[in-house]
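A.B. asks: Residue numbers (this note's numbering): 162 to 551. We treat Cβ as the ideally placed atom computed from N, Cα and C, and that holds for glycine. In this text the structure is predicted, and so the values were computed from the model without any measurement.
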């Protein structure tokens, strides 16, 4: 449909402000079973998972920062916690980008530029940035743990806080650059009927205009974002599992050290993170790549499979807090301390008001009564404050 035909079609239809043509088309036909379940998965189940992930990743940030700053960890272990902290930030941003799916539907025609239009045009690019960022953060941490466990002398010379920060910055910049073409997948086209009436609709962008360039980009993204990380993660995870099993034999004699050793805890955490990525993220990214070349009569079924694997992918980015809480003793202690401080804060405020009342009462009693009674009251107040302090 060329611009003149499109303009004549839009201008000949009376669309009230706020009407969304996509919702009219969406409701005009009866959805089949795959469409219904897929819509529930993408707009309800996946969003609920990401809401839980939002809270969980915020908890990760509140807990991992004190552990990385205050705990007496070695330099290599602090670098691992820096990677986990960056991973929590990336997963948090992923959840934030997915949550609007609960109320935003893809608009075909809008009478103004609004959040629905912008989100539908560019959310795919932002989500893929954070997916790729989490992927390569996992790869970077896996390589770091492999060097720390299998080549400790070499790791002490290479791995440090500066290298960790530079690696995170480089990975973030590379992920943004690799996903820049996705901002040209969709294009917001403006159709003017007169000076006061404009229509805004999503049309295929420049990346979709040239199928050859789009195919080259998809293959490049598949190699860098899926194939290479999968190969590196599988290889490093096999080495980490073997090293962890070898370390179990002498560690059976010292159970407490085996549970609380930071080096072992980080290695076990990294192994499970890699397994979760391979099981939940790699299939989703692979299916996204394959669906581009599949279609035809089975397009509805393919779209349903995409929404299922997207839900599994959201689980990977949302439930790391459960993993940390289960494995990491220091993480559990910090969570308990944070919870205790939050619950005791109202008691401490009441104790502060009691302390201020006692001091003023002391001044009044000193004039009218003997000093012994007034000082006894102050001593009782101080004891009460000591008990309720966090």
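Could you tell me which of 352, 428 and 481 sits nearest to residue 272, measuring between CA atoms?
C.D. replies: Cα-wise, what sits closest to residue 272 is 352.
A.B. asks: State the beta-bridge partners of residue 108 as determined by DSSP.
C.D. replies: Since the first residue shown for the chain is 162 and the last is 551, residue 108 is missing from the structure and cannot be characterised.
A.B. asks: Checking the sheet assignment: what are the DSSP bridge partners for residue 365?
C.D. replies: Note: residue 365 sits in a beta bridge opposite 347.
A.B. asks: When you compare only the Cα positions, how much space is there between residue 415 and residue 429?
C.D. replies: Legend: pLDDT at residue 415 = 46, less than 50; position of this residue unreliable, value from coordinates given subsequently. One C-alpha to the other measures close to 17 Å.
A.B. asks: Under the three-state reduction of DSSP, which class applies to residue 271: helix, strand or coil?
C.D. replies: Three-state result, residue 271: strand.
A.B. asks: Can you tell me which of the three DSSP states residue 266 falls into?
C.D. replies: Reduced to three states, the DSSP call for residue 266 is coil.
A.B. asks: Cutting at 7 Å between CB atoms, please list the residues of its own chain near residue 470, excluding the five before and the five after it.
C.D. replies: Closer than 7 Å at Cβ, skipping near neighbours: 444, 445 and 448.
A.B. asks: What residue from 389, 432, 208 and 388 has the CA that sits closest to residue 406's CA?
C.D. replies: The candidate whose alpha carbon is nearest that of residue 406 is 432.
A.B. asks: With a threshold of 8 Å, are at least 3 pairs of Cβ atoms found where one atom belongs to the segment 289–306 and the other to the segment 194–213?
C.D. replies: The answer is no - the segment 194–213 does not touch the segment 289–306, with fewer than three Cβ pairs under 8 Å.
A.B. asks: Are there three or more Cβ pairs, one per stretch, closer than 8 Å when the segment 236–255 is compared with the segment 306–326?
C.D. replies: Yes, the segment 236–255 is in contact with the segment 306–326.
A.B. asks: Would you check if the distance between the CB atom of residue 260 and the CB atom of residue 332 is smaller than 8 Å?
C.D. replies: Cβ atoms of residue 260 and residue 332: not closer than 8 Å.
A.B. asks: Could you please give the first and the last residue of the uninterrupted alpha helix (DSSP H) stretch that includes residue 480?
C.D. replies: Looking at the DSSP string, residue 480 is not in any alpha helix (DSSP H), and its letter there is neither H nor E.
A.B. asks: Could you check whether the segment 246–253 touches the segment 271–287, counting it as contact only if at least three pairs of C-beta atoms, one from each stretch, sit closer than 8 Å?
C.D. replies: No contact exists between the segment 246–253 and the segment 271–287.
A.B. asks: Are three or more beta carbon pairs between the segment 218–225 and the segment 301–317 nearer than 8 Å?
C.D. replies: Verdict: no, contact absent.
A.B. asks: Consult DSSP for residue 235 and reduce its assignment to one of helix, strand or coil.
C.D. replies: If DSSP states are grouped into helix, strand and coil, residue 235 belongs with coil.
A.B. asks: Going by beta carbon distance, what residues of the same chain come within less than 8 Å of residue 212, once the five residues before and after it are set aside?
C.D. replies: Once the five neighbours on either side are set aside, the close Cβ partners of residue 212 are 256 and 260.
A.B. asks: In chain order, what residues of the same chain have a beta carbon less than 7 Å from the beta carbon of residue 286, not counting five sequence neighbours either side?
C.D. replies: Excluding positions up to five away in sequence, the list reads 340, 343 and 344.
A.B. asks: Would you kindly check if the distance between the Cβ of residue 394 and the Cβ of residue 303 is under 8 Å?
C.D. replies: Closer than 8 Å, so yes.
A.B. asks: Under the rule that 16 or more other beta-carbon atoms within 10 Å means buried, what is residue 454, buried or exposed?
C.D. replies: Under this definition residue 454 is an exposed residue.
A.B. asks: Considering Cα atoms alone, identify which of 478, 501, 502 and 489 is closest to residue 216.
C.D. replies: With distances taken between Cα atoms, residue 216 lies closest to 478.
A.B. asks: Would you tell me roughly how many angstroms separate the C-alpha atoms of residue 397 and residue 275, rounded to the nearest one?
C.D. replies: Cα to Cα, the separation comes out at about 46 Å.
A.B. asks: What separation, rounded to the nearest whole angstrom, lies between the Cα atoms of residue 383 and residue 377?
C.D. replies: Answer to the nearest angstrom: the Cα atoms are 10 Å apart.
A.B. asks: Assuming residue 336 and residue 297 make a contact with CB atoms under 8 Å, what is their CB distance in whole Å?
C.D. replies: With a Cβ gap of about 6 Å, residue 336 and residue 297 count as contacting.
A.B. asks: Suppose contacts are defined by Cβ-Cβ distances below 8 Å. Is residue 442 in contact with residue 474 by that definition?
C.D. replies: Result yes, Cβ atoms of residue 442 and residue 474 sit closer than 8 Å.
A.B. asks: Restricting to Cα atoms, I'd like to know which of 338, 408 and 366 is closest to residue 349.
C.D. replies: Cα-wise, what sits closest to residue 349 is 366.
A.B. asks: State the CB to CB distance for the pair residue 270 and residue 392, rounded to an integer number of angstroms; the pair is presumed to be in contact (CB under 8 Å).
C.D. replies: Actually they do not touch by this definition, with Cβ atoms about 45 Å apart.
A.B. asks: Comparing alpha-carbon positions, which option in 357, 385 and 317 lies nearest residue 338?
C.D. replies: Ranking 357, 385 and 317 by Cα distance to residue 338 puts 385 first.
A.B. asks: Closer than 8 Å by C-beta to residue 492: which residues in its own chain qualify, once you throw out the five before and the five after it? Chain order, please.
C.D. replies: Closer than 8 Å at Cβ, skipping near neighbours: 224, 225, 228, 485 and 486.
A.B. asks: Looking at C-alpha atoms only, which residue of 490, 502 and 219 is the closest neighbour of residue 426?
C.D. replies: The candidate whose alpha carbon is nearest that of residue 426 is 490.
A.B. asks: Give me, in chain order, the residues of the same chain whose beta-carbon lies closer than 7 Å to that of residue 390; leave out the 5 immediate sequence neighbours on both sides.
C.D. replies: Once the five neighbours on either side are set aside, the close Cβ partners of residue 390 are 296, 297 and 300.
A.B. asks: Can you tell me whether residue 482 is buried or exposed, with buried defined as 16 or more other CB within 10 angstroms of its CB?
C.D. replies: Label assigned to residue 482: buried.
A.B. asks: Can you find the residues in the same chain that come closer than 7 Å, C-beta to C-beta, to residue 525, ignoring five residues on each side of it along the sequence?
C.D. replies: Bear in mind that a pLDDT of 44 at residue 525, under 50, signals an unreliable position, so the number given afterwards is only what the model happens to contain. Excluding sequence neighbours, residue 525 sits near nothing in its chain.
A.B. asks: What residues in its chain sit with their C-beta under 8 Å from that of residue 404, if we drop five residues either side in the sequence?
C.D. replies: Excluding positions up to five away in sequence, the list reads 310, 311 and 428.
A.B. asks: According to DSSP, simplified to helix, strand and coil, what is residue 394?
C.D. replies: Of the three classes helix, strand and coil, the one that applies to residue 394 here is helix, per DSSP.
A.B. asks: Going by Cα to Cα distance, which pick from 347, 316, 452 and 200 is closest to residue 263?
C.D. replies: It is 200 whose Cα lies nearest to the Cα of residue 263.
A.B. asks: Going by DSSP in three states, residue 321 sits in which element: helix, strand or coil?
C.D. replies: The answer is coil: DSSP assigns residue 321 none of H, G, I, E or B.
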